[in-house]
Structure formats: structure tokens, C-alpha cells
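Asks:
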Ligand code: GDP
Ligand code: IMO
Ligand code: MG
């Protein structure tokens, strides 16, 4: 029987999704990226070798599987071709095992220019986007004026659609943002060349996924960004421009929600965030610096420093509810080694009243005060531990407390960046389980 597992970030991104998708791919036949674009940076470390993926699904290192980029993803042909070439240099043949949706919107250089011009204009109020054109590309999709990957297959259609879109973008760039415009002819010529590389990979991904399903294959639906960056349910406007939550696996692939069997939420046992926006448990002290240093909290894609803080159960419970998370994978346990105490935010306070949900209003969210529960830390190293009975008692108690508060089990614990540095209590693709 086919099993369809969604793997997504339960916080503000960089939870370790890439590592876990790569790890669980050994029991899958297909991995599909369902939203986002090359704003993502997913890090895989296998036998000391680091691979950072932005668009290509994190199953690509396993030679037995097919990888898909679905209609929910926005694709920069430049970024995709660069990533394919990088992987090829490392001996990974992507072209035979990657298929791309004909319906995926295209990110053009003008989208990138608009993204950057807007951020510049916003100045101190900026969102802190990755500057990759994600927002403007999704805007054009919703406005029904964008180009899709399928347009690359018809040279004349490509020309007329690109001409009207670049005219519109260049008008905005020149007259509203006083920014550099982009040359249409050069862009058209480049896209025509890129189309020769990409065309053989373009297909109907929805049809492919249903074929897998009907053949009994296991499928991983890989999310990007994190739940609190969701356009509808995140900390708007400090969010990305797509739905990052579990429903997007369905709409982003054309696989109905009742075909999805399991939603695995990846959560760091502390919190990080890149860019602007509310972050109630953010630490501005020595501990915050320690977490950032030990956790190497620098963007795998943009290199920006990530803001760090304690685990926030209010945000996590919001995430569990809106994603229907079946189980959690707790990552970076080793980063908390050696702390005297560890803290979990159980609720917020605002105007002397208790708050146990994530306020939809961002201004209000910026004003809440976190209330913490303090637990004893552990001095023993958990780095690289692969069995629960080898974890320190206080680390286990910390995980148990998270489970209790979350109301869903912690089925996987990550103890290092390497693929094998993981405790698997219950693999979503198997029916047997261990407990701790
Ligand atoms: P993603 O975007 O969710 O895939 O996460 P990133 O790859 O951007 O960031 C996670 C970072 O933590 C990467 O550098 C990983 O190599 C690293 N990482 C993942 N799991 C662990 C872990 O359990 N312990 C440690 N120390 N690092 C980890
Ligand atoms: P992964 O998949 C962390 C953040 C940006 C910014 C906001 C909007 O590696 O977890 P965008 O360029 O999407 O318009 O920026 O979203 N952001 C991420 N933060 N990890 C990511 O991806 C992110 N992708 C976007 O920093 O705050
Ligand atoms: Mg990342």
C-alpha cells in the first residue's frame, strides 16, 4: 500500500527538514517539493559531505528514487539549472530522475529586481526577504499574468507572454521604484536556451504522483520554509508568499487531502528565525549567542545570521493544529547539551491576561510576553546518539515534557547534522515502533 507522508517545518524555517527528508527517503519511491522556491536552503550531510539544496527535492542523493517539483513551487530557471550543474559536478545525475511541473510559475529576473527594489523602499520596515523574487512571482501567478514552465515549450507563446510581462515589470521598475530595467530580447533569448535544457524534464506531475500512488509507492511531500511563515496562518506580513502548511501539499501537487496519510512536523528543540517579524521567545543574551554558535545558525542559502530563542509551545501547538501534525521530529538536541537549565514557553501574557494562541494580529504578537517553564539541563553529550536509551535522563525528560504539552508523539530525535545521527523511534513508513 502506498504511504503518503508530508514532511514540513513546524516553526519559522530551518528546522532540519532537508536532513530528515534525506534520511527517510530510503523507504520512499518518490519525493516531491510542493511549495516555495529557491528561498529555501536544505542542508544534507552524508559521510561528512555537505549538499545544500534550494529547489531540488532532498531525496536526490538516493539513486533509486524519482524527484518531482510540483505546480506549487515557483521556479527560477537560472537557479534550477545552476543547482542541476552543481549536483552533476558531484556525480549526481539529476536529469534522469527529476521531473518538473508544466504548471509551475516561472521566476524571472524582473521578479528578483522587484523583490529587491521593494525591500529597499520599505527600508526599516522591510520583511527581510531572501531577495529571490518569490513574492512577486506568486503575485503574478494569482493575478493570472505570470509565465508557467509549460510556456517554455512554445516559442511564440513564450515570446508574447514574456513581452507583456516584462513591459509591465519594467514600467514598475523604472517609474515606481526608479530601478534598473531588464532587457526583453536578451531575456527571451536566454529562456529559449534554457528551455532546451529543461524541456525534457517537464511533465504533468499530478499524473505522475497518482501513478506512484496506484502502484503502491511511498511518497514524501517536502515542504519549504516553516508554518509560521505561511501567507495565511503565519506572522503576516513577515511571512513568505506561499502556503507552507500541510494543505499546500494537496493543492501544490493535485493530490487530494484524503490521500495523505501522515504529517511529520520537524521542530528544533529551540527556535530560530531569519528576517524581520515577531519572535516572542527570542534571546538577546549569552544563551542566544551560544545557541547560534553551537547550532551554526547562519542561513544555508543567504548566509544571514539567524535569530535564536527558546522553544515556543504556543507557536508549536498552533502549528500542530493547522497542519494536523501526526508526529514530531525533534532536531538539534545536541545543541542544548551542556546548559544548566532549558526553557519551554508554555503561554504568553498580554495586559495581565493569559494568551495560549498565536494572535493573528502581528502588532499584538509583537507585544506579548512569553512565560517559561524551566527544566534541568544535561551535561553529557548527545551528539551522534542513535538509541533513546543512550540519551541523558534530563534530555529524555525534556522530550517527554514536549510530547506532553504538544499532545502528539516525538517519533524521531536528531542528534547531529549527519544523516545517521538520529534516533528513530517510529519511522512513518513502517508499522513497528520503539518507545523511550
Ligand atoms: P531546513 O531548511 O529545514 O532543511 O534546515 P537547514 O538545512 O536550513 O538548517 C538546519 C541546519 O542544522 C543545517 O546546517 C543542518 O546540517 C543542521 N542540522 C540538522 N539537524 C541537526 C541536528 O540534529 N544537530 C545539529 N547540530 N545540526 C543539525
Ligand atoms: P527553509 O526551507 C528560513 C523567510 C525570509 C523572510 C521571509 C520572506 O530553508 O526553511 P521570501 O524570500 O520567502 O519572500 O522571504 O521568509 N524565509 C525563510 N526563513 N528558512 C527558509 O527556508 C526561508 N524562506 C524564506 O527570511 O523573513
Ligand atoms: Mg533552510
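Numbering (our numbering), first residue to last: 16 to 451. All residues carry an ideal CB built from backbone N, CA and C; glycine is no exception.
Where does residue 342 fall in DSSP's three states?
Replies: Residue 342 falls in the strand class under three-state DSSP.
Asks: Let's see if you can read the secondary structure: which residues bound the beta strand (DSSP E) around residue 443?
Replies: Run containing residue 443: none; DSSP gives neither H nor E here.
Asks: Is it a yes or a no for the region 324-344 touching the region 418-433, going by three-plus beta-carbon pairs under 8 Å?
Replies: Result yes; three or more Cβ-Cβ pairs closer than 8 Å.
Asks: Using a 10 Å radius around the Cβ and a threshold of 16 neighbouring Cβ atoms, would you call residue 49 buried or exposed?
Replies: The residue in question, residue 49, is buried, as its Cβ has 16 or more Cβ neighbours within 10 Å.
Asks: Residues in the same chain with beta-carbon distance under 7 Å from residue 381, minus the five sequence neighbours each way, listed in chain order, please.
Replies: 293, listed in sequence order.
Asks: I'd like the list of long-range same chain contacts for residue 184, defined as Cβ closer than 6 Å, with 5 residues on each side in sequence excluded.
Replies: Closer than 6 Å at Cβ, skipping near neighbours: 125.
Asks: What I want to know is whether the C-beta of residue 417 ends up closer than 6 Å to one or more non-hydrogen atoms of the ligand GDP.
Replies: False, no ligand heavy atom lies under 6 Å from that Cβ.
Asks: Under DSSP, the beta strand (DSSP E) around residue 33 begins and ends at which residues?
Replies: Careful: residue 33 lies outside any beta strand (DSSP E), inside the alpha helix (DSSP H) at 32-39.
Asks: With 16 as the cutoff for other CB atoms within 10 Å, does residue 445 come out buried or exposed?
Replies: By the neighbour-count rule (16 or more Cβ atoms within 10 Å), residue 445 is not buried but exposed.
Asks: Would you say the beta carbon of residue 125 comes nearer than 6 Å to a heavy atom of the ligand IMO?
Replies: No.
Asks: According to DSSP, simplified to helix, strand and coil, what is residue 155?
Replies: Helix.
Asks: Between residue 72 and residue 428, what straight-line distance do the alpha-carbon atoms span, to the nearest angstrom?
Replies: Between residue 72 and residue 428, the C-alpha separation is close to 22 Å.
Asks: Give a yes or no on contact between the region 112-129 and the region 72-88, applying the rule of three or more CB pairs nearer than 8 Å.
Replies: Yes, the region 112-129 is in contact with the region 72-88.
Asks: Spatial neighbours of residue 301 within its chain, please: C-beta separation below 8 Å, excluding the five flanking residues on both sides.
Replies: Excluding residues within five positions, none has a Cβ falling inside 8 Å.
Asks: Between which two residues does the alpha helix (DSSP H) harbouring residue 364 extend?
Replies: Element bounds for residue 364: not the alpha helix (DSSP H) but the beta strand (DSSP E), 356-365.
Asks: By the three-class DSSP mapping on this structure, what secondary structure does residue 199 have?
Replies: Here residue 199 sits in helix by DSSP.
Asks: Taking the alpha-carbon positions, what's the residue 383 to residue 250 distance?
Replies: Rounded to whole angstroms, residue 383 to residue 250 spans 13 Å at the Cα level.
Asks: Counting C-beta neighbours from all protein chains within 10 Å, is the total for residue 304 16 or more, i.e. buried, or is it exposed?
Replies: Looking at its Cβ environment, which holds fewer than 16 other Cβ atoms inside 10 Å, residue 304 is exposed.
Asks: Once you ignore the five residues that flank residue 182 on each side, which residues in its own chain have a CB closer than 8 Å to its CB?
Replies: The residues are 199.
Asks: On the criterion of 16 or more Cβ atoms from any shown chain inside 10 Å, does residue 287 qualify as buried, or is it exposed?
Replies: Counting Cβ neighbours within 10 Å, residue 287 comes out buried, since at least 16 surround it.
Asks: Which residues does DSSP pair with residue 327 in a beta bridge?
Replies: 360.
Asks: How about residue 289 and residue 333: do their beta carbons lie closer than 7 Å?
Replies: The answer is no: Cβ separation not under 7 Å.
Asks: Among the residues of its own chain, which have a CB less than 8 Å from the CB of residue 80, if the five just before and after it don't count?
Replies: Here the set comprises 40, 43, 44, 45, 46, 74, 112.
Asks: Taking three-plus beta-carbon pairs below 8 Å as touching, is the region 411-418 in contact with the region 363-378?
Replies: In short, these stretches do not touch, since the Cβ pair count stays below three.
Asks: Who are the Cβ neighbours of residue 33 in its own chain at under 7 Å, not counting the five residues just before and after it?
Replies: Once the five neighbours on either side are set aside, the close Cβ partners of residue 33 are 57, 58, 59, 68, 73.
Asks: Whole angstroms are fine: how far does the CA of residue 396 sit from the CA of residue 352?
Replies: Spanning the two alpha carbons is a distance of roughly 6 Å.
Asks: Distance cutoff 7 Å, beta carbons only. Does residue 367 sit that close to anything in chain B?
Replies: Structure shown: chain B not included; a single protein chain is present.
Asks: One question on the structure: do residue 212 and residue 107 come within less than 7 Å of each other, judged by their Cβ atoms?
Replies: No, the pair does not count as a contact, with Cβ atoms beyond the cut-off.
Asks: Would you tell me roughly how many angstroms separate the C-alpha atoms of residue 217 and residue 165, rounded to the nearest one?
Replies: C-alpha separation (whole angstroms): 7 Å.
Asks: Run through the DSSP bridge pairs and tell me what residue 95 is partnered with.
Replies: DSSP, once it has assigned bridges, lists no residue as partnering residue 95.
Asks: Is the Cβ-Cβ distance between residue 8 and residue 296 less than 7 Å?
Replies: Outside the shown range of the chain, which is 16 to 451, sits residue 8, and nothing can be said about it.
Asks: Kindly list the residues whose CB is nearer than 8 Å to the CB of residue 408, restricted to its own chain and excluding five residues on each side of it in sequence; keep chain order.
Replies: The answer, listed in chain order, is 393.
Asks: Does the beta-carbon of residue 175 have 16 or more other beta-carbons within 10 angstroms, so that it is buried, or is it exposed?
Replies: Answer is exposed; the Cβ neighbour count stays below 16.
Asks: Taking only heavy atoms of the ligand GDP into account, decide whether any of them is closer than 6 Å to the Cβ of residue 101.
Replies: No.
Asks: Assuming residue 337 and residue 278 are in contact, meaning their beta carbons sit under 8 Å apart, how far apart are those beta carbons, in whole angstroms?
Replies: That pair is no contact at about 10 Å.
Asks: Quick one: what's residue 161 bridged to in DSSP?
Replies: According to DSSP, which records beta bridges pairwise, residue 161 is partnered with nothing at all.
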